[in-house]
Amino acid sequence: MHKTIVALSALLLIQSNTFASGSGKQNVVLDKKNAIYWQDTRFTEKSSEDWDDARAYCEALELDGMKQWRLPTFKELLTIVDYTRVEPAIHPVFAYVNQGTYWTSIDFSATLSRAWTIDFRTGKTYYSYKTTNHSVRCVKDLKSTTVKDSK
Numbered sequence: 006m007h008k009t010i011v012a013l014s015a016l017l018l019i020q021s022n023t024f025a026s027g028s029g030k031q032n033v034v035l036d037k038k039n040a041i042y043w044q045d046t047r048f049t050e051k052s053s054e055d056w057d058d059a060r061a062y063c064e065a066l067e068l069d070g071m072k073q074w075r076l077p078t079f080k081e082l083l084t085i086v087d088y089t090r091v092e093p094a095i096h097p098v099f100a101y102v103n104q105g106t107y108w109t110s111i112d113f114s115a116t117l118s119r120a121w122t123i124d125f126r127t128g129k130t131y132y133s134y135k136t137t138n139h140s141v142r143c144v145k146d147l148k149s150t151t152v153k154d155s156k
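For the sequence shown, this note's numbering begins at 6 and goes up steadily by one.
Here's what the structure looks like:
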């Protein structure tokens, strides 16, 4: 039991050190581990877009003087889920959270009319028709980027 508590505490400490709120910018969270910025604005809390509009929104976004935003991959969005929390099940560094489902950029391979989503009430993953409206949280690669995995 003691080993489990120590391991969970270490995991939470490591996870909390990978994010930097603001990081010199007002509307973003820096994810040091994955070398990306996360959008953290009122729009991320109130957005409701279908998949095509969500992608277009991210591609057109200019935030704190930065362009070239995109929808996160499944694995990227999963990195901000905090399974020790519910409603919202998201890392507490984020100020603006819709306790609902967010889009990823990854198609559901069984049918291309759907894409993967993550519900931040519980952290569960789903796939949804691309015509359904869900929340949007964009990401931007840091200048020294690495190749991102997809689901």
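We treat Cβ as the ideally placed atom computed from N, Cα and C, and that holds for glycine. Just so you know, these numbers come straight off a predicted model, no measurement behind them.
- In the DSSP assignment, TRP56 falls within the alpha helix (DSSP H) that extends over 56-65.
- Taken in chain order, the unbroken stretches of beta strand (DSSP E) that lie wholly in the region 105-130 and span 3 residues or more are 106-112 and 119-124.
- LEU68 sits in a strand when the DSSP states are folded into three classes.
- Linking GLU50 to THR23 through their CA atoms gives a straight-line distance of about 22 Å.
- Taking C-beta atoms under 8 Å as the contact rule, ASP36 and THR84 qualify, at a distance of about 7 Å.
- With 16 or more other CB atoms across the displayed protein chains lying within 10 angstroms of its CB, GLN44 is buried.
- Shown here, PHE79 sits in a helix according to DSSP, grouped into three states.
- Counted as a single uninterrupted DSSP element, the alpha helix (DSSP H) harbouring LYS51 occupies residues 47-51.
- Distance between GLU64 and LYS72, taken at the CA atoms: about 8 Å.
- Residue LYS30 holds the alpha-carbon nearest to the alpha-carbon of GLY70 among ASN103, VAL86, TYR62 and LYS30.
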